[in-house]
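Contents: one structure, followed by commentary.
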Amino acid sequence: MRCKECRVDLGENVKVCPLCGSAATDEKPMIENMKTAEYPEYGELRPLKYYIQKNDVYFGKWMMVGIVALSAVILAVSEIFNFLDTALYIVLPAIYAAAAIVYFLSSFKDKKHSRAAIYFIMLALFDGVITLVGYITTKGIGQAYFALGSGVVALLSLMLLATKYPREIDDELAGRLHR
Amino acid sequence: MADWKINPIKEDCEEVSEVPQWFPLDVAATIYPNARRYGWCTVYRFAFIMKEEVDPVVLKQALKDIAPRFPGFFVNVKSGLFWYYFERTEDLDIVEPEDYYPCRYIQICESTKPAMRILYYKNRISIETFHAIADGGAALVFNKTLVARYLELKGVKITRTEDIANIDEKPKKYEFEDSFRKNYKKMKGLTRKEETAYCYKAPAVKNYYKVIHGLIPVEDLKAAAKAHSMTITEFLMVAYLYAFYKTAPGKVYKPIKISIPASLRPRFDSKTLRNFSLYANIGFNPKGRTDITFDEIFEMVKGKMEQGLATEELHKMLCINARDASNPILRVVPNFLKKPVMQFIFDHAGENKFTSAMTNLGIVKLPPEMYEHVERVECLLGSSPTKKLLCAMITYNSMINISFTSDSEKTDVQREFFRVLSERGVRVRIECND
């Protein structure tokens, strides 16, 4: 088949030229011995969600999002109800220490145990900031003992995990921190 | 982009004893996960049309057999705190029947599968890859090796040539190399400044992707190009520019520019199986004129391609990309803040500098026995949020396969392009997926 308008060969059973839409004419093609490479009939247009599958994502990401959100809420509420110091130096470090323990325990169960590594660092970082704030405001470690302790818990958890899975933790941190 | 060889092994080719579970993206790859949007990421396809119907069981086995040789391909992109990175995956369940439009979205970040898929339909084996994994030159090595292994399993004895990878060998260290960083040199006065290009507009159809293949004998193109004193690439580029110019709805005051990618491997002696290509945007500004001829366009762009694709120019661009990717400020900005910035850069410092892309993958060479079993090779570029028409070409067995892809039903530019060729005595066979 050929298209007279576009002067091109078309496939064997083509009725309409895909370029201009005019009817194909039954003529000998200029290029011989060619066979159409067929595409499937696509049928209905499918929405994208058809192809997007939720695979198991390590829960740690969502837990961390929750911890950050919870911290923000606690700080906001404590400001209003005037217990900012308690929230900052006791409640938040306690949450972070508990989170570190949950990450640590769950990391032995989860196949992707090494993923907890980055969250230990984040928790230690949060605790570090609180300790630093405490240190600056009281000109000494003062009321930041809880935060310091919580940071130590997070780092200790990381160290223990790294002892058990040294290679995986190293790879994890290399990937996460783009080393 | 020229085809390149993998097997001539360098003497310093240290084998990789253990591939890390995580590794960073190369410089060129960093933009792709950042630029992705819901339902879109940069995907391209290579397809091998076999002479016989494809056997999916054998295809799956072939994939399994070659997987240890190409660990860099079986990865998905994950979001780190500061950057995206690759995570290796053992899941090889990516062979599936083709039942939808080409180059559809590949799920990254939340998927446990590699950021690629292998499709089969009748005689066609299609391999679709997320661009962050590798560029066309590297993917072609993977794809040729997959098809070679498939044929081997079907009982065809394949001579080991330098065109395919030896799957009995271990991966080589240089195949993982980020050649952008390796060839980076500090330079002064580097800038990305470039004039915004004419934008070709066409109404997009949701969940749709049109492919128009033009199959052309190389001899015809050679003769037509020679008649205009051009090379084949120049001839096709001018025809493409002319097609945009002729189909523009009114007077054009912005430059019509085509992005021409070039493989950097032969220029910088690299054998990496990751991204290592750059592009030059070549075009002309009609400045409102409506009477420019085909030959006049050639006169206007003459020399620009040579200049744009000169090694020094590409090296400058390589250095800009490597410099920006290593920017210490960018490195410490968290990923969620960086993503919108990178997306803006992608749209406004890259995508709007050209009207369309035309990539030439060069000549596909296969071991002699494979020619009897492979009828045709195709290459398709996946959609882009801003580019309504893209073009890729590949030469196999003395035929050039020019494939236009678009998420619109509009075919004015493609029609004009092929008419320009047929008016100059080039025989063209058109095939379409619709």
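Protein chains in written order, with our numbering: chain A, 15 to 193; chain B, 173 to 606. For glycine and all other residues, C-beta sits at the position ideal for the given N, C-alpha and C.
Closer than 7 Å by beta-carbon distance: list the chain A residues that pair up with residue i, in chain order.
{"i": "residue 296 of chain B", "result": "51"}
{"i": "residue 605 of chain B", "result": "53"}
{"i": "residue 594 of chain B", "result": "20, 21, 22"}
{"i": "residue 548 of chain B", "result": "51"}
{"i": "residue 590 of chain B", "result": "20, 22, 33"}
Do residue j and residue i come within 9 Å of each other at the CB atom, strictly closer than that value?
{"i": "residue 385 of chain B", "j": "residue 51 of chain A", "result": "yes"}
{"i": "residue 335 of chain B", "j": "residue 205 of chain B", "result": "no"}
{"i": "residue 354 of chain B", "j": "residue 440 of chain B", "result": "yes"}
{"i": "residue 444 of chain B", "j": "residue 579 of chain B", "result": "no"}
{"i": "residue 572 of chain B", "j": "residue 387 of chain B", "result": "yes"}
{"i": "residue 188 of chain A", "j": "residue 168 of chain A", "result": "no"}
{"i": "residue 324 of chain B", "j": "residue 452 of chain B", "result": "no"}
{"i": "residue 594 of chain B", "j": "residue 561 of chain B", "result": "no"}
{"i": "residue 396 of chain B", "j": "residue 598 of chain B", "result": "yes"}
{"i": "residue 446 of chain B", "j": "residue 348 of chain B", "result": "yes"}
{"i": "residue 85 of chain A", "j": "residue 119 of chain A", "result": "no"}
{"i": "residue 670 of chain B", "j": "residue 369 of chain B", "result": "Chain B is shown only over 173 to 606; residue 670 of chain B falls outside these bounds and no answer can be derived."}
{"i": "residue 315 of chain B", "j": "residue 448 of chain B", "result": "no"}
Which residue wins for smallest C-alpha separation from residue i, given the options the options?
{"i": "residue 657 of chain B", "options": "B:592, B:558, B:593", "result": "Given a span of 173 to 606 for chain B in the structure shown, any question on residue 657 of chain B remains unanswerable."}
{"i": "residue 418 of chain B", "options": "B:380, B:463, B:516", "result": "B:463"}
{"i": "residue 77 of chain A", "options": "A:41, A:170, A:116", "result": "A:116"}
{"i": "residue 302 of chain B", "options": "B:202, B:375, B:253, B:601", "result": "B:202"}
{"i": "residue 186 of chain A", "options": "B:342, B:253, B:373, B:552", "result": "B:253"}
{"i": "residue 158 of chain A", "options": "A:152, A:165, A:148", "result": "A:148"}
{"i": "residue 216 of chain B", "options": "B:298, B:441, B:271", "result": "B:298"}
{"i": "residue 104 of chain A", "options": "A:23, A:162, A:122", "result": "A:162"}
{"i": "residue 56 of chain A", "options": "B:270, B:556, B:368, B:447", "result": "B:270"}
{"i": "residue 491 of chain B", "options": "B:233, B:452, B:357", "result": "B:357"}
{"i": "residue 366 of chain B", "options": "B:429, B:306, B:237", "result": "B:429"}
{"i": "residue 232 of chain B", "options": "B:186, B:289, B:260", "result": "B:289"}
{"i": "residue 489 of chain B", "options": "B:510, B:529, B:435", "result": "B:435"}
{"i": "residue 199 of chain B", "options": "B:240, B:266, B:307", "result": "B:307"}
{"i": "residue 450 of chain B", "options": "B:531, B:265, B:247", "result": "B:531"}
{"i": "residue 247 of chain B", "options": "B:236, B:262, B:479", "result": "B:262"}
{"i": "residue 278 of chain B", "options": "B:480, B:239, B:380, B:211", "result": "B:211"}
{"i": "residue 251 of chain B", "options": "B:592, B:586, B:506", "result": "B:506"}
{"i": "residue 80 of chain A", "options": "A:135, A:171, A:145, A:109", "result": "A:109"}
To the nearest angstrom, how far is it from the Cα of residue i to the Cα of residue j?
{"i": "residue 524 of chain B", "j": "residue 360 of chain B", "result": "25 Å"}
{"i": "residue 100 of chain A", "j": "residue 131 of chain A", "result": "28 Å"}
{"i": "residue 133 of chain A", "j": "residue 74 of chain A", "result": "8 Å"}
{"i": "residue 49 of chain A", "j": "residue 603 of chain B", "result": "10 Å"}
{"i": "residue 405 of chain B", "j": "residue 19 of chain A", "result": "26 Å"}
{"i": "residue 420 of chain B", "j": "residue 346 of chain B", "result": "46 Å"}
{"i": "residue 574 of chain B", "j": "residue 431 of chain B", "result": "15 Å"}
{"i": "residue 283 of chain B", "j": "residue 563 of chain B", "result": "29 Å"}
{"i": "residue 522 of chain B", "j": "residue 589 of chain B", "result": "25 Å"}
{"i": "residue 70 of chain A", "j": "residue 128 of chain A", "result": "Confidence in residue 70 of chain A is poor, its pLDDT being 49 and thus under 50, which makes the residue's placement unreliable; the coordinate value appears in the next sentence. Taking the straight line from one Cα to the other gives about 15 Å."}
{"i": "residue 175 of chain B", "j": "residue 114 of chain A", "result": "With a pLDDT of only 44 at residue 175 of chain B, under 50, the local geometry of the prediction cannot be trusted, and no value is derived from it."}
{"i": "residue 196 of chain B", "j": "residue 112 of chain A", "result": "32 Å"}
{"i": "residue 173 of chain A", "j": "residue 503 of chain B", "result": "26 Å"}
{"i": "residue 182 of chain A", "j": "residue 192 of chain B", "result": "9 Å"}
{"i": "residue 514 of chain B", "j": "residue 399 of chain B", "result": "45 Å"}
{"i": "residue 375 of chain B", "j": "residue 581 of chain B", "result": "8 Å"}
{"i": "residue 569 of chain B", "j": "residue 342 of chain B", "result": "31 Å"}
{"i": "residue 317 of chain B", "j": "residue 537 of chain B", "result": "12 Å"}
{"i": "residue 329 of chain B", "j": "residue 549 of chain B", "result": "20 Å"}
{"i": "residue 16 of chain A", "j": "residue 33 of chain A", "result": "12 Å"}
{"i": "residue 455 of chain B", "j": "residue 272 of chain B", "result": "34 Å"}
{"i": "residue 378 of chain B", "j": "residue 533 of chain B", "result": "29 Å"}
{"i": "residue 552 of chain B", "j": "residue 508 of chain B", "result": "31 Å"}
Listing by chain order, which chain B residues have their CB less than 9 Å from the CB of residue i?
{"i": "residue 132 of chain A", "result": "252, 253"}
Below 8 Å on C-beta distance, what does residue i contact in chain A?
{"i": "residue 300 of chain B", "result": "Near residue 300 of chain B there are no residues of chain A at all, since even the closest Cβ is about 12 Å away, more than 8 Å."}
{"i": "residue 224 of chain B", "result": "Neighbours of residue 224 of chain B on chain A: none; closest Cβ ~12 Å, over 8 Å."}
{"i": "residue 384 of chain B", "result": "32, 33"}
{"i": "residue 273 of chain B", "result": "56"}
Residues of chain A with CB closer than 9 Å to the CB of residue i, please, in chain order.
{"i": "residue 600 of chain B", "result": "20, 21, 22, 23, 44, 45"}
{"i": "residue 293 of chain B", "result": "52, 53, 54"}
Can you tell me the Cβ-Cβ gap for residue i and residue j, rounded? I've got them flagged as a contact below 8 Å.
{"i": "residue 230 of chain B", "j": "residue 292 of chain B", "result": "Not confirmed; about 10 Å, so no contact."}
{"i": "residue 221 of chain B", "j": "residue 296 of chain B", "result": "5 Å"}
{"i": "residue 310 of chain B", "j": "residue 287 of chain B", "result": "Contact flag wrong, Cβ pair sits at about 14 Å."}
{"i": "residue 600 of chain B", "j": "residue 23 of chain A", "result": "7 Å"}
{"i": "residue 275 of chain B", "j": "residue 249 of chain B", "result": "No, residue 275 of chain B and residue 249 of chain B are not in contact; Cβ-Cβ is about 17 Å, not under 8 Å."}
{"i": "residue 555 of chain B", "j": "residue 577 of chain B", "result": "7 Å"}
{"i": "residue 565 of chain B", "j": "residue 320 of chain B", "result": "The pair is not a contact, with the Cβ atoms about 23 Å apart (cut-off 8 Å)."}
Using a Cβ cut-off of 8 Å, pull out every chain B residue sitting near residue i, in sequence order please.
{"i": "residue 48 of chain A", "result": "387, 601"}
Whose Cβ in chain B lies nearer than 7 Å to the Cβ of residue i?
{"i": "residue 185 of chain A", "result": "192, 193, 194"}
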